[in-house]
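Below you'll find the structure, written out as structure tokens, and then a few comments.
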Amino acid sequence: MVNDSMGAHQATARAHPNIALIKYWGNLDHELRLPANSSLSMTLGDLETRTTVHFDERLDADEILIDDVPAAHAASQRVRMHLDLIRRMAGIETYAFVESKSNFPSGAGIASSASAFAALTLAAATACDLHLDARTLSRLARRGSGSASRSMFGGFVVWHTGESDAESYAEAIAGKEYWPLLDLIAVVEAGHKAVGSTEGHRLAETSPLQKARVADTPRRFAICSHAILKRDFSTLAMIVEQDSNMMHAVMMTSEPALLYWSPSTIEIMKAVTRLRSEGLDVCYTVDAGPNVHCICTPGHAVAVSEKLRKVPGVCEILKSHPGDGAVIIAS
Ligand code: PMV
């Protein structure tokens, strides 16, 4: 914590995105971002967002830089609203300079909002001297982006749906060393997606399949968490792929329909299924974008990566091990 002569407060936080193995899609309460179902993720340690928040009494508005450029209107509004929440908690009205940088493409289904809002929450809360425990930080991050609640923690993380703000938080079920799985992200497009997840969550309830998906979540959630705790890859693969396909079935049957896949997405999904039938430990899962997260065991990662590179349309493969929760790196 730095207090300069003008009363400025500053902190820098680092947070990682996460890949949902059991997906969050749809809200019980859009305002509070209370999710329709519980979800489960792996934090991705090799990908990161670093965010500095500097509350400065000399500013007459919040200033927000994302990856070295001033944030576009919608993004800066979202950041401002989140800062307002934190300012209200701290009882201050001071504007902030926010600088955020990620080492991976944002807005392409690689959960950049998760690391961004986890880092922003922790940096802003620290900079205005709020001493919050991890659960409260997770609840607060959730208000900016649902999946950000999970990025507060490292390793394998569950986010409980909950019927109120106080009940809807994330917590770790196993640390990053528990099962050193790898996420190989086959990138087919790195641009911004047409329909962001905030809008997508609002469309979920227009699909006749959403009710069935939500009702079945406790079954998938239990199978997935047991598979992780037992390090049972073939059960994990089955349930992770089914969960991803169920979410995309809801997306495709919403009004209007959301289709995030490109032809290469399907090629990669087929290649992954084929590789598994040939004996490699790999499964796919796809978020709100065309890129495919290929989860594999460490011993099979090189072979899987070589095969994925040859799938037409794959322009890059990002690799990540399980990682830590959000931390302060400077204050
Ligand atoms: O946190 P949001 O609003 O960006 O939503 C995330 C939605 C998915 O990435 C598709 C699923 C998930 O659980 O991360």
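0 is the number of the first residue of the sequence shown in numbering that gives the first Met the number 0; add one for each residue after it.
The beta-carbon is built from N, C-alpha and C at its ideal position, and this holds for glycine as well.
- Selection around the ligand PMV by beta-carbon proximity, strictly under 5 Å to any non-hydrogen atom, yields 19, 22, 23, 38, 112, 144, 145, 146, 196, 286 and 287 in chain order.
- Residue 323 sits in coil when the DSSP states are folded into three classes, being neither helix nor strand.
- In this structure, DSSP gives residue 205 a state outside helix and strand, which the three-state scheme calls coil.
- Under the DSSP definition of a beta bridge, residue 27 lacks any partner.
- For residue 53, the uninterrupted beta strand (DSSP E) run begins and ends at 48 to 54, by DSSP.
- Straight across, the Cα-Cα distance linking residue 139 with residue 155 is about 20 Å.
- Boundaries for residue 41: no alpha helix (DSSP H) harbours it, while the beta strand (DSSP E) harbouring it runs 38 to 42, taken from the DSSP string.
- Taking C-beta atoms as the reference points, residue 304 and residue 182 fail to come closer than 8 Å.
- Within the DSSP bridge table, the entry for residue 295 names 181 and 281 as partners.
- Under the three-state reduction of DSSP, residue 17 is assigned to strand.
- Rounded to whole angstroms, residue 62 and residue 97 show a C-alpha spacing of 6 Å.
- Distance from the Cα of residue 111 is smallest, within the candidate group 127, 125 and 150, for 150.
- The alpha carbon of residue 235 has as its nearest neighbour, out of 282, 286 and 187, the alpha carbon of 282.
- If only uninterrupted alpha helix (DSSP H) runs of at least 4 residues are considered, those enclosed by the stretch 193 to 237 are 196 to 203 and 209 to 229.
- Exclusion of the five residues before and after residue 294 leaves 180, 182 and 282 as the residues of its chain whose Cβ lies within less than 6 Å of its Cβ.
- Here residue 309 is exposed, its C-beta having fewer than 16 other C-beta atoms within 10 Å.
- For residue 100, the enclosing beta strand (DSSP E) has its first and last residue at 95 to 101.
- Here residue 289 carries a coil assignment [DSSP, helix/strand/coil].
- In the DSSP annotation of this structure, residue 140 is not part of any beta strand (DSSP E); the continuous alpha helix (DSSP H) holding it starts and ends at 133 to 143.
- The closest CA to that of residue 263, considering only 245, 313, 41 and 197, is found on 313.
- According to the DSSP assignment, residue 156 belongs to the beta strand (DSSP E) that extends over 155 to 158.
- Relative to residue 35, the option among 126, 199 and 252 whose CA is nearest is 199.
- About 6 Å separates the CB atoms of residue 41 and residue 20; that is less than 8 Å, so the two are in contact.
- A residue is called buried once 16 or more other Cβ atoms fall within 10 Å of its Cβ, and residue 47 is buried on that count.
- Relative to residue 52, the option among 163, 280 and 10 whose CA is nearest is 10.
- For residue 305, no beta strand (DSSP E) run applies; the uninterrupted alpha helix (DSSP H) run containing it begins and ends at 300 to 308, by DSSP.
- Boundaries of the beta strand (DSSP E) around residue 170: 169 to 173.
- Boundaries of the alpha helix (DSSP H) harbouring residue 267: 262 to 276, taken from the DSSP string.
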